[in-house]
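Protein chains in written order, with the numbering used here: chain A, 1 to 305; chain B, 1001 to 1226. From the three backbone atoms N, C-alpha and C, an ideal C-beta is built for every residue, glycine too. These numbers were taken from a predicted model, which means no experiment stands behind them.
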Ligand SMILES: Nc1ncnc2c1ncn2[C@@H]1O[C@H](COP(=O)(O)OP(=O)(O)OP(=O)(O)O)[C@@H](O)[C@H]1O
Ligand SMILES: [Mg+2]
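Spelled out as C-alpha cells, the structure:
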C-alpha cells in the first residue's frame, strides 16, 4: 500500500516535472549555481587549511654548525635537544650530505659548481633540524638551545615561524570565503524563490486534478506528496548536473590545477575523490532542506483538504 | 444516515447561507433538495463533505459526528460520500477508464482492486463500451455518467448530486435521473439538488425545499412548490 502509493506519487511528480519542462530546467540551473557557490566555499576552506598546514609543516629550528665542528660535539648537543620536552624529532645532516644536497639543488648553476670545485674543501658544516610538537612551543625550545652557549661552534641558529605567510594566506582566504558566503546566500535565496515559483506554477497547472483529488477523498499526503517529491527531484538533479559538469571541467584543467597546488603538496583531485560522498551528501541535504521549505511555503493553504 | 441538527452557516462577514437547518435522511432514501438560486443548496452539500465547516449546529453521517472533523479524517469521509456536479469535473487528458481509476489510485487502492471495480461501475452507468474514449469524445450525458461512475468507485453509502442535469437536454436528463433511481434501488442513499421542476415532480420522492437558507417545506412524495 505504501510502496504502491509512493510509486504513484513518484509518477505524478515526474509528469509534473515534464509538463513544465522549461520552468523545470530554469529551476535546475539555478540550483546548479547554488551548488557551485557552496562547493567553492567548501573547497576554499579545504585549500586554505591545506596551505596553512603545509606552511606549518615547514617550520623548524635549524642549527648550522661551523665547517670544522666535531661530530661528537654535534651528537652530544643532539642528544640534549632530544631530551627536551615538546621536541618530537631532531634530524642530523652530516657535512658531507649537506654538501651533496647543496650540489643537487644547485645542479643547474654553473657558477656555484665552479666555485665549489675551486674551494676543494667542504665549506659546509653539519646541520641539526628540530621539530616541535606544536607551533607555539618553538620559542621555548629556541630559548633552551640558545642557553647552551654554543655560539662558538654554530654559524647560525635559524628559526622562522612563517607567521607572515600564514597570516597572508588566512587573510586572503577570509576575504574569498566572505565573497563565497555572500554568493551562497544570494544563490540560496534566489533558488528558494525560483523553486517556490515553480511549485506554485505546478499547483496552478494541476488545479483541476487537485480539486478532483480532494473531492474523491485523496489523502492529504497524496495531494502534497508529488510536489514534495518534485522539489527533491530538483535538488538531486541540480547536484548531479553540477558535479558532472565539475568533473568534466576538472578533466580539462587537471594539469594546471595540479601544478597550482603542487607547492602545498595538495592533490585536489585525490581530495575530491576521497571526500566526494561527504561533500555531495552535505550539499544534497542542504538543497533538499531549502527546497522543502519553499515547497511548504508554496503549498500553503492551497493544498489543504 | 444523514443528520443535520440546527445547522447554521455564515460566510464572513455576514452571508447567512444556511439558517437553523434541521433534517434527517434515512438509509436508502432518495431526497430532492430544491430552492431558488443562492438559497444555500450547494452550501448544504459543502458542509456535508466537510469542504466548509458549519458555524453552528451538528452534522452526523452514519453515526459519525463530522461537525469538527479533523483534516486527516476528511478523505475517509469523502470516500463514503460520492459527489457529482453540474460541470462533471473530469480530467480531459484521461480516458473514461482512467478518470474512474484516478479516484481509486489517489486513495491508495491496489491495482487488482482498481481493475475489478472500474469495469463494474462503468457497467452500472452503461459505458463499458466507451471506456477508452476521452471526455471530449462523449456527449454531456455520457460525461455526467462517467462522473457518476467515479463517484460510485469507492462504493459510497451516500451519493450527492448538485444539479447533475443542469447542462443537459431533456433526453439526457431523463437518462441521468433513471440512472440515479437505479443506483438508489441498489441501496445507495441519494441527495439530489435540482432546479428542474419536471424532474422533481416525476420522481415522486421526498422533496426538501429551501428558501433563503431555511427549510420551508419537507414532503414525502413532494412536488416542486416554488
Ligand atoms: N465561499 C463563499 N463565500 C461567501 N459567500 C458565499 C460563498 N459561497 C456561497 N456564498 C453565498 O452563500 C449563499 C448561498 O450560496 P449557495 O452556493 O449555497 O447557493 P445555491 O442554492 O447552491 O445556489 P445555486 O442554485 O445558484 O447554485 C449565496 O448568497 C452565496 O453568494
Ligand atoms: Mg449551487
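Distance cut-off 7 Å: residue i Cβ against heavy atoms of ligand 3
| i | result |
| --- | --- |
| residue 234/A | Among the ligands present in this structure, namely ligand 1 and ligand 2, ligand 3 is not found. |
Backbone secondary structure at residue i - three-state DSSP
| i | result |
| --- | --- |
| residue 1224/B | coil |
| residue 1219/B | strand |
| residue 1057/B | strand |
| residue 1082/B | strand |
| residue 1291/B | Because chain B here runs from 1001 to 1226, residue 1291/B falls outside it and cannot be looked at. |
| residue 175/A | helix |
| residue 1165/B | coil |
| residue 1011/B | strand |
| residue 1214/B | strand |
| residue 1067/B | coil |
| residue 198/A | helix |
| residue 1087/B | coil |
| residue 219/A | coil |
| residue 1024/B | strand |
| residue 286/A | helix |
| residue 1072/B | helix |
| residue 1153/B | coil |
| residue 1182/B | helix |
| residue 1033/B | strand |
| residue 19/A | helix |
| residue 1094/B | coil |
| residue 274/A | helix |
| residue 1002/B | strand |
| residue 1050/B | coil |
| residue 1173/B | helix |
7 Å CB neighbourhood of residue i in its chain, flanking five on each side removed
| i | result |
| --- | --- |
| residue 1121/B | 1100, 1149, 1152, 1153 |
| residue 1117/B | 1104, 1153 |
| residue 41/A | 177, 180, 181, 184 |
| residue 33/A | 187 |
| residue 1009/B | 1017, 1018, 1043, 1047, 1052, 1054, 1055 |
| residue 60/A | 129, 130, 131 |
| residue 19/A | 205 |
| residue 124/A | 67, 95, 98, 99, 102 |
| residue 225/A | 9 |
| residue 69/A | 125, 126, 153 |
| residue 83/A | none |
Classification of residue i by the beta-carbon crowding that lies within 10 angstroms, buried from 16 upward
| i | result |
| --- | --- |
| residue 233/A | buried |
| residue 1064/B | exposed |
| residue 88/A | exposed |
| residue 151/A | exposed |
| residue 9/A | buried |
| residue 244/A | exposed |
| residue 1079/B | buried |
| residue 128/A | buried |
| residue 97/A | exposed |
| residue 1040/B | buried |
| residue 1111/B | exposed |
| residue 1180/B | buried |
| residue 1159/B | buried |
| residue 1139/B | exposed |
8 Å Cβ shell around residue i - same chain, five flanking residues per side excluded
| i | result |
| --- | --- |
| residue 1093/B | 1134 |
| residue 239/A | 31, 35, 280, 283, 284, 287 |
| residue 1217/B | 1207, 1208, 1209, 1225 |
| residue 1215/B | 1021, 1022, 1023, 1208, 1209 |
| residue 80/A | 148 |
Chain-order list of residues whose beta-carbon lies under 6 Å from that of residue i (same chain, five-residue window excluded)
| i | result |
| --- | --- |
| residue 213/A | 223 |
| residue 237/A | 28 |
| residue 1091/B | 1099 |
| residue 294/A | 192, 195, 196 |
Relative to chain B, which residues along the segment 5–30 of chain A have a C-beta separation below 7 Å, given in chain order?
-> 5, 8
Tell me the start and end of each unbroken alpha helix (DSSP H) in the segment 1102–1134 of chain B that is at least 4 residues and wholly inside, in chain order.
-> 1111–1124
Would you list, in chain order, the members of the segment 204–230 of chain A that have their beta-carbon closer than 9 Å to a beta-carbon of chain B?
-> 208, 209, 211, 212, 213, 214, 215, 216, 217, 218, 219, 220, 222, 223
In chain order, each alpha helix (DSSP H) run of at least 4 residues that lies wholly inside the segment 66–99 of chain A = 71–83
Please name the residues in the segment 1070–1091 of chain B whose beta-carbon is closer than 9 Å to at least one beta-carbon of chain A, in chain order.
-> 1071, 1072, 1074, 1075, 1076, 1077, 1078, 1079, 1080, 1081, 1082, 1083, 1085, 1089, 1090, 1091
Between the segment 1093–1122 of chain B and chain A, which residues of the former have a C-beta closer than 8 Å to a C-beta of the latter?
-> 1102, 1103, 1105, 1106, 1107, 1108, 1110, 1111
According to a CB-to-CB cut-off of less than 9 Å, which residues of the segment 1143–1154 of chain B neighbour chain A?
-> 1150, 1151, 1153, 1154
Quick one: which unbroken beta strand (DSSP E) runs of 3-plus residues sit fully inside the segment 21–73 of chain A? Chain order, please.
-> 61–65
Complete beta strand (DSSP E) runs within the segment 97–165 of chain A (minimum length 3 residues, chain order) = 127–132, 154–159
Inside the segment 235–270 of chain A only - alpha helix (DSSP H) runs reaching at least 4 residues = none
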